[in-house]
Amino acid sequence: MIELTGISRTHVVGGNPVHALKEVHVRIETGEYVSIMGPSGSGKSTLLHILGCLDRPTAGSYRFGGQETARLTEVELSRLRRHQIGFVFQFFHLVPRLTAAGNVELPMVFAGVDLEEREHRVRQVLEVVGLTARATHRPDQLSGGEQQRVAIARAVVMSPALLLADEPTGNLDSASGREIVNLIESMNQKGLTLVVVTHDQGIGERARRQIRLADGEVVSDQRRDGTGMAESGHPTSADGA
Amino acid sequence: MRLSDLLRFAGGALHGHRLRTVLSVLGVAIGVASVILLTGLGEGARRYVTGEFASLGANLLIVIPGKTETKGMAPLINTAPHDLTRQDAEAILERVRSVQRVAPVVIGTARANAAERTREITVVGTTRDLLEIRHLKVARGRFLPRDVPEAALCVLGARVARELFPDQNPLGQLVRVGEWRFRVIGLMAPRGTSIGLDLDEIVAIPVDTALRVFNRTSLFRILAEVRSRSDLDGAERAVLALLRERHSGREDVTVMTQDSVLATFNQILGALTAALVGIAAISLGVAGLGIMNVMLVSVSERTREIGLLKAIGVTPSQVTAVFLVEAAILSSAGGCVGLLASVGVERLFLRLYPDFPIQPPGWAIASALAVSFSVGLIFGILPARNAARLDAVQALMRRKT
């Protein structure tokens, strides 16, 4: 489903090039549960933004569902995000003036889904995240865990193929964090491809596959089978075969 | 995306900043209201003047002694104009076929006495036909008799009659004007001011008597009424030719038509209106800058929201649309509030000053609303494009403000 080949991303900061990602090769299959770990500055957020088509690589090829993303226009990338990719952020990114239901509805509003269908789907996903009773509350009337659940509902309301979570528990107490992880893992079990970026070992190690980054390079790509851990010892490339 | 959703989303964002929204709406409202009111004032003044002229009688030629012209050299012989006389007036009536009525006019001020009372009055020396030409009405008695240009008779304006004879019937009484005594034969109906002359303040006497009272030989002017509007130009030429012939070949009178006077007033008042609207338009422009400022602030405050919109697959043109629609809502709400406010102010003025000439024309209202709407779109472009061009990653990384 996802095929990164020789991906590099270079920022120019104060006239000097900064290499956020260097020659990254990653393949992710449909339905996988992958965590991306590493210290801050290791390039894990940049990788997530490239996976989510919010950022374009400086070099290399990113194929999503067999399609080369470098060839897509800005509008086509927007469509891809709208229909295929859901985002969950550390700081929730809810629109403060909208209710929980309004926030969940937002992607469908801009996608032009009709009103009846919207109401139906909002009710459905709010039930999945267990917030039916809180549908009319605004973000400032919700706890952190509840806000993140609204964000997850919003991320999956368009039925995407890929869910990208950027430090989803980074701003929550451990009990709420556990609930959030359980929620997104249950969605993965129903077939949603899940990529979680975290610096929290406890969260990251729950994933069946763990990619570790340091200085913009993949330093390990471990796979945990039903039976135990499987080491894949190639430092710069991995395939999901 | 549906328009109704776009409006709802943009409206919700505005609702979140009520004070800011109200202030920028107010800015546009003031601009729009001043455009409408000032145009209304200018247009009202124009209509007022036009109306005055119409009440004067539409198909009128006005003959004035003397001719305005510029010459390169001082004349060697005396070029003092001939007098304009009552005989000239009669000749115009007899010889210019399209002229149906003529009234010679002499105007002067004098002191009038009646019994114990004295007051300043405007004496109008004229003939019987002035009544029809100026659409005057006699309340009691009769107007000056025909063909008696020298009688010592007078007709009093409404206020003059009331003040000189407060408790008695003025008909048949004597009024002294200077050294002369006149018998009152009629009273005018109240009429008010018409082109600078308060018709309630006049005393009308026969024209030749007036020349003698003021010791003059020339008329103030001759009013000639033609049968129809289309005869005006021909009559003007014929009157000029006739008077040149009567004044030993010299063109020493000026003939004005109602139209030319009206055109001049129209021009002046049109320029005045344009100047007023120009001033008001500046305030509308300033209101536009206010909207731009508010929208720029809004874009920078909502950077995170814009980043989120991009992440959930909102296209750049949709982001532009969201902010443009917000700006357009602000400015068109301002337009509507301004329109209502101007109607309110207009009503208030008309209640306080019923004669106040204020009447905004339809085109001014329509264009003020159209301009107010486009002001939002024009001044919203820059902030909206800023929003659409924001880098999604940078926008999302922004911490809570």
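Residue numbers (this note's numbering), protein chains in the order written: chain X, 1 to 241; chain F, 242 to 642. We treat Cβ as the ideally placed atom computed from N, Cα and C, and that holds for glycine. Since this is a predicted model, take the numbers as computed values, not measurements.
- Against chain X, a Cβ distance below 7 angstroms from Thr556 (chain F) picks out Val75, Ser78.
- Apart from sequence neighbours up to five positions away, the residues of its chain that approach Ser572 (chain F) with a beta-carbon distance below 7 angstroms are Val269, Ile532, Ser613, Phe614, Val616, Gly617, ordered along the chain.
- Annotation: the segment 16-95 of chain X contains the following complete segments of the beta strand (DSSP E) (minimum length 3 residues), in chain order: 16-28, 33-37, 59-64, 85-88.
- Between Ser159 (chain X) and Thr556 (chain F), the gap from beta carbon to beta carbon reaches 8 angstroms or more.
- Restricting attention to beta strand (DSSP E) runs no shorter than 3 residues, the segment 429-461 of chain F encloses them at 443-447, ordered along the chain.
- The beta-carbon of Leu54 (chain X) is placed less than 8 angstroms from the nearest beta-carbon of chain F.
- When secondary structure is reduced to three states using DSSP, Phe384 (chain F) falls in the coil class, being assigned neither helix nor strand.
- Exclusion of the five residues before and after Asp370 (chain F) leaves Arg342, Val343, Ala344 as the residues of its chain whose Cβ lies within less than 7 angstroms of its Cβ.
- Exclusion of the five residues before and after Ser524 (chain F) leaves Ile271, Gly272, Ser275 as the residues of its chain whose Cβ lies within less than 7 angstroms of its Cβ.
- When the Cα atoms are used, Val365 (chain F) and Ile606 (chain F) turn out to be separated by approximately 44 angstroms.
- Ile203 (chain X) and Val196 (chain X) do touch by the CB rule: their CB atoms are close to 7 angstroms apart, below 8 angstroms.
- In the same chain as Gln84 (chain X), and ignoring 5 residues on each side of it, the C-beta atoms closer than 8 angstroms to its own belong to Phe64, Gly65, Pro160, Ala161, Leu162, in chain order.
- Under the three-state reduction of DSSP output, Glu492 (chain F) falls in the coil class, being neither helix nor strand.
- If you check the CB distance, Val290 (chain F) and Leu510 (chain F) come in under 8 angstroms.
- Counting C-beta atoms within 10 angstroms of its own C-beta, Ser186 (chain X) has fewer than 16 neighbours from the protein chains shown and is therefore classed as exposed.
- Put simply, the CB of Pro139 (chain X) is far from chain F, with every gap to its CB atoms at 8 angstroms or more.
- Here Val347 (chain F) is near Phe455 (chain F), since their CB atoms are less than 8 angstroms apart.
- Not one beta carbon of chain X lies nearer than 8 angstroms to the beta carbon of Gly576 (chain F).
- Cβ contact annotation for Leu610 (chain F) (same chain, cutoff 6 angstroms, sequence separation greater than five): Gly576, in chain order.
- If you check the CB distance, Ile2 (chain X) and Gly60 (chain X) do not come in under 8 angstroms.
- For the beta strand (DSSP E) assignment, the uninterrupted runs of no fewer than 3 residues enclosed by the segment 129-212 of chain X are, from N- to C-terminal side, 162-166, 193-198.
- If the five residues before and after Ala393 (chain F) are omitted, its C-beta is found closer than 6 angstroms to the C-beta atoms of Phe423, all from its own chain and listed in chain order.
- For the 8 angstroms CB-CB criterion, Ile463 (chain F) and Leu325 (chain F) form a contact.
- For Gly112 (chain X), the neighbours in chain F by C-beta distance under 9 angstroms run, in chain order, Met242, Arg243, Asp246.
- In this structure, the alpha-carbon of Arg626 (chain F) lies about 6 angstroms from that of Thr561 (chain F).
- Using a Cβ-Cβ cut-off of 8 angstroms, Phe250 (chain F) counts as an interface residue toward chain X, since at least one Cβ of chain X sits closer than that to its own.
- Closer than 8 angstroms to the CB of Val263 (chain F) there is not a single CB belonging to chain X.
- Counting C-beta pairs closer than 8 angstroms gives fewer than three between the segment 489-500 of chain F and the segment 277-286 of chain F, which falls short of the contact rule.
- Unbroken alpha helix (DSSP H) runs of no fewer than 4 residues, entirely contained in the segment 513-546 of chain F, are not found.
- Shown in chain order are the members of the segment 540-556 of chain F whose Cβ falls below 8 angstroms from a Cβ of chain X: Arg545, Glu546, Gly548, Leu549, Leu550, Lys551, Ala552, Ile553, Gly554, Val555, Thr556.
- Apart from sequence neighbours up to five positions away, no residue of its chain approaches Arg543 (chain F) with a beta-carbon distance below 6 angstroms.
- By the Cβ criterion, the segment 212-224 of chain X is in contact with the segment 24-35 of chain X, since at least three pairs of Cβ atoms, one from each stretch, lie closer than 8 angstroms.
- Proximity of chain F to Phe64 (chain X) at the Cβ level (cut-off 9 angstroms) is not reached, the minimal Cβ distance being about 14 angstroms.
- Assigned with DSSP and collapsed to three states, Ser275 (chain F) falls in helix.
- Straight-line measurement puts the Cα of Ser35 (chain X) at about 19 angstroms from the Cα of Ser176 (chain X).
- Distance from the CA atom of Ala100 (chain X) to the CA atom of Arg134 (chain X), rounded to whole angstroms, is 7 angstroms.
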